[in-house]
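Engineer: The structure's right below; bear with me while I get my questions together.
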Amino acid sequence: MHGSVDITDLSFGYTESEPVFSGIDLSLAPGQVFCLLGPNGSGKSTLLKCIMQVLTPNAGRVAVDGQNLNGLSASQIASKLGFVPQSLVSAFPFTVAEIVVMGRASQIRMTASPSKKDRDLAMAALERMGIAHLALRPCHQLSGGEWQQVLIARALTHSPQVLLLDEPTSHLDIGNQVKILEIVNRLAQDGITILMASHFPDHAFLTAHQVGILKNGRLLALGNPDDTLCESVLYDTYGIHIRVVTIGKEVNRKICIPVLQEINRPVPAKEVS
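For what it's worth, the UniProt record's numbering labels the leading residue of the sequence shown as 1, then goes sequentially.
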């Protein structure tokens, strides 16, 4: 099985004096899910872009199945890694099928049109997501959950060994969040290695084999979610008290509950009859 990921001493900064992160080390086996947590502005999206080679790291190495990605062409990287961005807005009323076939762009010559193979692979990705019935629908008519599934299908058109998702549940209601997390688990069961950035610690408990917390340019914690996401670590990360509670004898799953500060609310006056 292919899809092992090895990140060694990875560092990046827009200037030498102000690194966004440094010394990042991570190893994932094929089919593992890694959930990257951290506060706003901690560099989660930047780290994913460096892994994807959209941004060039200042130092360090990213390898998939032992092959260093540095210096590979866009088409070579796309055959190994798929990327689902945090947000992608289309200014034109493309259909779902047209959006998904754009995932094949690195394999299509500059002046060429998508081939039958490209269109077939796009439809296969839509079928894999269970949304082939949306193929001819204009993308601006989709719900948030449908649009996120389209973006995942778009990233799957190369049959990548590794999939990077940048906050794939942002702006989604809880029903669509669960649907996306179930897709993540299913893709991992199919052998795809997943690196997912998220704002929600619960997502690590629901999906991840490993969790990492990025803060102040370093991985504050790294390991199995059950062992790593304790209340003290979450406080150090987010600056608020978060209870970690195990629910249900049959479910036996941990959840995070923020502890709100007590507010003395005025007692409503009684109505006079």
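Built from N, CA and C at the ideal position, the CB exists for glycine as well.
If I measure Cβ to Cβ from Y235 and keep anything under 8 Å in the same chain, skipping five residues before and after, which residues do I get?
Structural biologist: Stepping through the sequence shown from its first residue, residue 235 is reached at position 235. Only H241 and I242 meet the Cβ criterion.
Engineer: Any idea what DSSP makes of residue 289, helix, strand or coil?
Structural biologist: Nothing in the structure corresponds to residue 289, since the chain is present only between 1 and 273.
Engineer: Between D202 and I255, how many whole angstroms is the CB-CB distance? I'm expecting something under 8 Å.
Structural biologist: For the purposes of this step, residue 202 is taken as residue 202 along the sequence shown, with counting starting at 1. For the purposes of this step, residue 255 is taken as residue 255 along the sequence shown, with counting starting at 1. About 6 Å separates the two Cβ atoms, so the contact holds.
Engineer: With 16 other CB atoms within 10 Å as the buried threshold, where does D118 fall?
Structural biologist: Position 118 of the sequence shown, counted from the start, is the residue given in the question as residue 118. Looking at its Cβ environment, which holds 16 or more other Cβ atoms inside 10 Å, D118 is buried.
Engineer: Looking at C-beta atoms only, is the number of pairs between the segment 31 to 39 and the segment 202 to 213 that lie closer than 8 Å three or more?
Structural biologist: Touching, per the Cβ criterion.
Engineer: Compare the beta carbon distance of A155 and F83 with 8 Å and say whether it is the shorter of the two.
Structural biologist: Against the sequence shown, residue 155 aligns to sequence position 155. Against the sequence shown, residue 83 aligns to sequence position 83. Contact: yes.
Engineer: Can you list, in chain order, the residues of its chain with a C-beta nearer than 7 Å to that of N58? Leave out the 5 residues immediately preceding and following it.
Structural biologist: Your numbering for residue 58 matches position 58 in the sequence shown. Closer than 7 Å at the Cβ level, and outside the excluded window around N58, lie S11, F12 and G13.
Engineer: Exposed or buried, what is G212 when buried is set at 16 or more other beta-carbons lying within 10 Å of its beta-carbon?
Structural biologist: Counted from its first residue, the sequence shown places residue 212 at position 212. Buried.
Engineer: Would you give the residue range spanned by the alpha helix (DSSP H) that D173 belongs to?
Structural biologist: Here residue 173 refers to the residue found at position 173 when the sequence shown is read from its first residue. Premise fails: D173 is in no alpha helix (DSSP H) and is neither H nor E.
Engineer: Assign C42 to buried or exposed, taking buried as 16 or more other Cβ atoms, counted over all protein chains shown, within 10 Å of its Cβ.
Structural biologist: Position 42 of the sequence shown, counted from the start, is the residue given in the question as residue 42. Residue 42 is actually Ser in this sequence, not Cys. Result: buried.
Engineer: With a 10 Å radius around its C-beta and 16 neighbouring C-beta atoms as the bar for buried, classify K49 as buried or exposed.
Structural biologist: Within the sequence shown, residue 49 is the residue found at index 49, counting from 1. So K49 ends up on the buried side.
Engineer: Between V250 and H199, how many whole angstroms is the CB-CB distance? I'm expecting something under 8 Å.
Structural biologist: Here residue 250 corresponds to residue number 250 of the sequence shown, with the count starting at 1. Here residue 199 corresponds to residue number 199 of the sequence shown, with the count starting at 1. The amino acid occupying residue 250 in the given sequence is Glu; Val does not appear at that position. With 8 Å as the limit, E250 and H199 do not qualify as a contact, their Cβ atoms being about 28 Å apart.
Engineer: Check whether the segment 89 to 101 and the segment 137 to 149 are in contact - that is, three or more C-beta pairs closer than 8 Å.
Structural biologist: They touch, by the three-pair rule.
Engineer: Determine the direct distance from the alpha carbon of V244 to that of S73, and round the result to whole angstroms.
Structural biologist: Indexing the sequence shown from 1 puts residue 73 at position 73. Indexing the sequence shown from 1 puts residue 244 at position 244. Cα to Cα, S73 sits roughly 44 Å from V244.
Engineer: Per DSSP, what kind of secondary structure is F200 in: helix, strand or coil?
Structural biologist: Translated into the one-based positions of the sequence shown, residue 200 becomes position 200. Coil.
Engineer: The beta strand (DSSP E) with S75 in it runs from where to where?
Structural biologist: On the sequence shown, residue 75 is found 75 positions in, with the first residue counted as 1. Where S75 is concerned, there is no enclosing beta strand (DSSP E), although the alpha helix (DSSP H) it sits in stretches over A74 to A78.
Engineer: Going by DSSP in three states, V245 sits in which element: helix, strand or coil?
Structural biologist: Locating residue 245 in the sequence shown gives position 245, counting from the first residue. Here V245 sits in strand by DSSP.
Engineer: Quick one, are the C-beta atoms of L172 and Q148 less than 8 Å apart?
Structural biologist: On the sequence shown, residue 172 is found 172 positions in, with the first residue counted as 1. On the sequence shown, residue 148 is found 148 positions in, with the first residue counted as 1. Yes, they are a contact pair.
Engineer: Just the C-alpha distance for V184 and Q177, rounded to the nearest angstrom, thanks.
Structural biologist: Mapped onto the sequence shown, residue 184 falls at position 184. Mapped onto the sequence shown, residue 177 falls at position 177. Each residue's alpha carbon lies about 11 Å from the other.
Engineer: Three-state secondary structure (DSSP) at P138?
Structural biologist: For the purposes of this step, residue 138 is identified with residue 138 of the sequence shown, where counting begins at 1. Of the three classes helix, strand and coil, the one that applies to P138 here is strand, per DSSP.
Engineer: So if DSSP puts K254 in a beta bridge, which residue, or which two residues, is it bridged to?
Structural biologist: By 1-based counting over the sequence shown, the position of residue 254 is 254. According to DSSP, K254 bridges with T246.
Engineer: Pair every Cβ in the segment 223 to 231 with every Cβ in the segment 27 to 34, then say whether three or more of these pairs are closer than 8 Å.
Structural biologist: The segment 223 to 231 vs the segment 27 to 34: no contact.
Engineer: For a test of the three-state rule: what should DSSP assign to C35, helix, strand or coil?
Structural biologist: For the purposes of this step, residue 35 is taken as the residue at position 35 of the sequence shown. Looking at C35 - three-state DSSP - the assignment turns out to be strand.
Engineer: Between the beta-carbon of V64 and the beta-carbon of V5, is there less than 8 Å?
Structural biologist: Looking up residue 64 in the sequence shown gives position 64. Looking up residue 5 in the sequence shown gives position 5. A contact, by the Cβ cut-off of 8 Å.
Engineer: Tell me the rounded alpha-carbon separation between G144 and K270.
Structural biologist: In the sequence shown, residue 144 corresponds to position 144, counting from 1. In the sequence shown, residue 270 corresponds to position 270, counting from 1. Approximately 44 Å between the Cα atoms of the pair.
Engineer: For Q161, which of E16, S87 and V33 has the nearest alpha-carbon?
Structural biologist: Taking the first residue of the sequence shown as 1, we reach residue 161 at position 161. Measuring from the Cα of Q161, the nearest candidate turns out to be V33.
Engineer: Report the rounded CA-to-CA distance for I192 versus P268, giving the unit in angstroms.
Structural biologist: On the sequence shown, residue 192 is found 192 positions in, with the first residue counted as 1. On the sequence shown, residue 268 is found 268 positions in, with the first residue counted as 1. Their Cα atoms are separated by approximately 55 Å.
Engineer: If you follow the alpha helix (DSSP H) that T46 is in, where does it begin and where does it stop?
Structural biologist: In the sequence shown, the residue the question calls residue 46 occupies position 46. Where T46 is concerned, the enclosing alpha helix (DSSP H) stretches over K44 to M52.
Engineer: Quick one: using the 10 Å Cβ neighbour count with 16 as the cut-off for buried, is H158 buried or exposed?
Structural biologist: Along the sequence shown, one-based indexing puts residue 158 at 158. Its Cβ being crowded by 16 or more others within 10 Å, H158 is buried.
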